[in-house]
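Participant: In our numbering, the protein residues as written are 104 to 610. Sharing a structure below in structure tokens format, with a few things to ask.
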Amino acid sequence: MKVVVIGAGIGGLVAALRLAHAGLDVTVLEQAARPGGKMRSVAVGDSAVEAGPTVFTMRWVFDEIFSECGAVLSDHVGLQPAAILARHAWRPGERLDLFADPEASEAAIAKFAGPRERDGYRRFRARAAEVYATLEAPFIRGERPSPIDLTRRAGLLGLGDLWRIQPFTTLWSALGDYFSDPRLRQLFGRYATYCGSSPYAAPATLMLVAHVESQGVWHVAGGLSRLAGAVAELAATRGAHLRYGTAAHGIAVSGGRVIGVDLADGERVPADAVICNADAAALAEGLLGRDAARAAEPVPGSERSLSAVTLCLKARAHGFPLERHSVFFSADYAAEFAQIRRGHLPDDPTVYVCAQDRTDANHSPDGPERLLCLVNAPARPFSPSEIETCVTTMRRRLSASGLDLSETVEPVTTQPADFARLFPGTAGALYGRASHGWMASFKRPGARTKIPGLYLAGGSVHPGPGVPMAAQSGRIAADSLLRDSNGARASTRGWIATAMSGGTSTP
């Protein structure tokens with residue numbers, strides 16, 4: 104059986120690996136020069152700076168993916184557990200670290216905001232674990248359920264659990280049940296941005312990210328782009344053919360089902376099945392052909408996720424003790440997201456900084472270090488002057504907490520219009536559809552489509568964005584294809600007993 108995978112993002116790579124390991128003839132078409140998709144790095148001077156996701160959780164998802172294909176993850180990628188999950192800063196002197204050790208986090212919160220907030224954190228962590236446990240089997244592990252499916256799978260005994268996860272309550276509102284300190288609501292409300300959403304509109308179910316992070320954050324040697332490379336290399340050793348610098352021009356359909364993928368030069372790569380790892384919006388907009396457009400629903404501009412403005416640089420950091428992951432919060436979170444909702448870059452943005460040369464053993468690198476600075480932005484293009492102003496406000500926010508950066512080479516700035524060019528069909532939205540409202544997760548397409556032989560994978564489809572989630576989408580697509588090729592149709596399928604994905608992001 105011949106399978107073509109469009110896109111070497113992590114979902115497409117995982118699907119290719121699983122199918123090649125199963126003995127299928129797999130070809131991966133990737134328009135870029137190397138694998139990874141959003142798991143990418145950019146050249147800044149003579150250094151490669153990670154410019155995409157930087158936080159890696161749910162290591163066991165990839166442990167299972169490699170194990171299922173006869174390999175060991177740690178033989179291919181260097182991983183170190185992080186003792187400090189992230190450092191958070193507000194006004195000068197206001198600093199809070201969260202730790203892999205929950206007791207250390209409790210002690211830090213008590214010192215930062217008092218014993219009542221520590222007790223609230225304990226209750227919050229317990230509720231986050233309940234949310235995760237409630238959603239893992241009926242939602243996260245398998246193909247996209249409808250609300251009715253989710254209720255049926257939970258059963259009568261599980262209906263109370265479904266109600267307690269507060270699907271109709273916003274994350275920001277739910278956080279008020281645990282924290283009175285607005286800074287802590289800011290900190291944990293930021294989890295909504297992990298899937299490109301606002302904490303004022305995203306459902307309270309996203310508090311499960313707290314549980315995911317509590318299970319471990321890992322530093323990846325070489326960054327997450329290296330993880331993508333390791334999956335690609337293993338897929339190749341299992342027989343997959345990876346063609347870089349080769350863009351898919353259209354999905355060929357005949358007799359109501361896919362027959363191959365057409366390239367820009369007129370070549371047709373024949374296929375019995377196609378897994379499309381492009382953004383689902385690219386399909387819906389007809390970027391891969393009119394016949395394939397009915398495989399996905401368009402995403403209205405008002406329902407797109409956040410984008411970002413990023414700054415990749417080599418610089419000396421002064422005045423603030425950066426950790427690998429540091430967050431500098433704006434003075435008014437509500438105002439920040441209100442401006443983004445209106446389509447503007449915020450006057451006072453929250454800034455995430457990934458100091459990529461820092462580890463638990465190396466807190467202060469000698470000389471210039473590789474940094475990624477990121478602020479949330481609406482998914483629309485901005486003028487050069489608007490981006491220049493954004494970079495100025497970014498630096499102002501860092502300086503307010505005492506951090507000054509002295510660049511040694513010209514930094515690389517990426518704005519929503521650049522992301523739109525890199526990832527066609529997205530309009531710059533980095534996470535597909537925003538997780539706003541309780542129905543948003545059910546609007547993401549599943550692996551199977553209306554067109555026989557055409558499957559979807561990637562962060563814009565179920566179960567959602569983030570590296571482990573997108574990897575899980577590739578597993579679901581591959582398993583769906585294998586079951587269908589063996590004659591098991593949708594009427595008999597159940598949920599797939601595979602690993603949960605989630606909790607990683609470009610914050």
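Idealized CB from N, CA, C, for every residue including glycine. Remember, predicted model here, so these are calculated numbers, not experimental data.
What is the DSSP secondary structure of W193, counted as helix, strand or coil?
Facilitator: In this structure, W193 counts as coil in the three-state DSSP scheme.
Participant: For E406, which three-state DSSP category applies?
Facilitator: Looking at E406 - three-state DSSP - the assignment turns out to be helix.
Participant: So for R461, helix, strand or coil by DSSP?
Facilitator: Looking at R461 - three-state DSSP - the assignment turns out to be coil, as it is neither helix nor strand.
Participant: Among P571, A174, L309 and F202, which one has its Cα closest to the Cα of T237?
Facilitator: Nearest option by C-alpha distance: L309.
Participant: Rounded to the nearest angstrom, what separates A335 and G223 at their Cα positions?
Facilitator: Rounded to whole angstroms, A335 to G223 spans 43 Å at the Cα level.
Participant: Strictly by DSSP, which residues pair up with H344?
Facilitator: The partner list for H344 (beta bridge, DSSP) reads T130.
Participant: Could you tell me the boundaries of the beta strand (DSSP E) in which A105 lies?
Facilitator: For clarity, residue 105 is Lys in the given sequence; the question names Ala instead. Looking at the DSSP string, the run of the beta strand (DSSP E) that includes K105 is K105 to I109.
Participant: Rounding to the nearest angstrom, what Cα-Cα distance links G261 and V234 in this structure?
Facilitator: The predicted model places G261 with a pLDDT of 45, which falls under 50 and marks its position as unreliable; any figure quoted below should be read in that light. The alpha-carbon atoms of G261 and V234 are separated by roughly 12 Å.
Participant: Please say whether L390 and M142 have beta carbons closer to each other than 9 Å?
Facilitator: No.
Participant: Roughly how many angstroms lie between the CA atoms of S73 and D200, to the nearest whole one?
Facilitator: Outside the shown range of the chain, which is 104 to 610, sits residue 73, and nothing can be said about it.
Participant: Report yes or no: do the segment 159–170 and the segment 566–584 share at least 3 C-beta pairs separated by less than 8 Å?
Facilitator: At 8 Å Cβ cutoff, the stretches touch.
Participant: Let me confirm a value: R445 is counted as buried when at least 16 other C-beta atoms fall within 10 Å, else exposed. Which label applies?
Facilitator: Classification of R445: exposed, given that the 10 Å Cβ count is below 16.
Participant: Under three-state DSSP, which class holds E370?
Facilitator: E370 falls in the coil class under three-state DSSP.
Participant: What residue range does the alpha helix (DSSP H) around R121 cover?
Facilitator: Its alpha helix (DSSP H) spans residues I113 to H124.
Participant: If we cut at 9 Å on Cβ distances, does V117 have a partner in chain C?
Facilitator: This model lacks chain C altogether; it includes just one protein chain.
Participant: Can you name, in chain order, every residue of its own chain whose Cβ lies under 7 Å from the Cβ of L386, other than the five neighbours on each side?
Facilitator: Result list for L386: C379, A395, A396, A398 and A399, in chain order.
Participant: I need the boundaries of the beta strand (DSSP E) containing C379, first residue and last residue.
Facilitator: A376 to C379 is the extent of the beta strand (DSSP E) around C379.
Participant: In angstroms with no decimal places, state the Cα-to-Cα distance between T130 and E370.
Facilitator: Going from the Cα of T130 to the Cα of E370 covers about 14 Å.
Participant: Can you tell me whether G363 is helix, strand or coil according to DSSP?
Facilitator: Note: G363 maps to strand in three-state DSSP.
Participant: With DSSP run on the structure shown, which of helix, strand or coil describes E510?
Facilitator: Note: E510 maps to strand in three-state DSSP.
Participant: In angstroms, rounded to a whole number, what distance separates the CA positions of L525 and S576?
Facilitator: If you take the alpha carbons of L525 and S576, they lie about 21 Å apart.
Participant: Where do the ends of the alpha helix (DSSP H) carrying H179 lie?
Facilitator: No alpha helix (DSSP H) holds H179; DSSP gives it neither H nor E.
Participant: When the distance is taken between beta carbons, is L414 closer than 9 Å to A458?
Facilitator: Against a cut-off of 9 Å, the Cβ pair of L414 and A458 comes out as no contact.
Participant: Check this for me: beta carbons of T529 and R407, under 9 Å apart or not?
Facilitator: Result yes, Cβ atoms of T529 and R407 sit closer than 9 Å.
Participant: With a Cβ-Cβ cutoff of 9 Å, do G319 and P184 count as a contact?
Facilitator: Yes, Cβ-Cβ distance for G319 and P184 is below 9 Å.
Participant: So what does DSSP say about F440, is it helix, strand or coil?
Facilitator: Reduced to three states, the DSSP call for F440 is helix.
Participant: Three or more C-beta pairs closer than 8 Å, one from the segment 532–543 and one from the segment 493–512: is that the case here?
Facilitator: Segments in contact, no.
Participant: Could you give the first and the last residue of the continuous beta strand (DSSP E) run that contains A355?
Facilitator: Start and end: A351 to S357.
Participant: Alpha carbon to alpha carbon, how far is Y297 from A480?
Facilitator: Straight-line Cα distance between these residues: approximately 13 Å.
Participant: With 16 other CB atoms within 10 Å as the buried threshold, where does R566 fall?
Facilitator: The question names Arg, but residue 566 is Pro in the sequence shown. Result: buried.
Participant: Specify the secondary structure class of A560 as computed by DSSP and reduced to three states.
Facilitator: Correct three-state label for A560: coil.
Participant: Let's see if you can read the secondary structure: which residues bound the beta strand (DSSP E) around D200?
Facilitator: Where D200 is concerned, the enclosing beta strand (DSSP E) stretches over R198 to F202.
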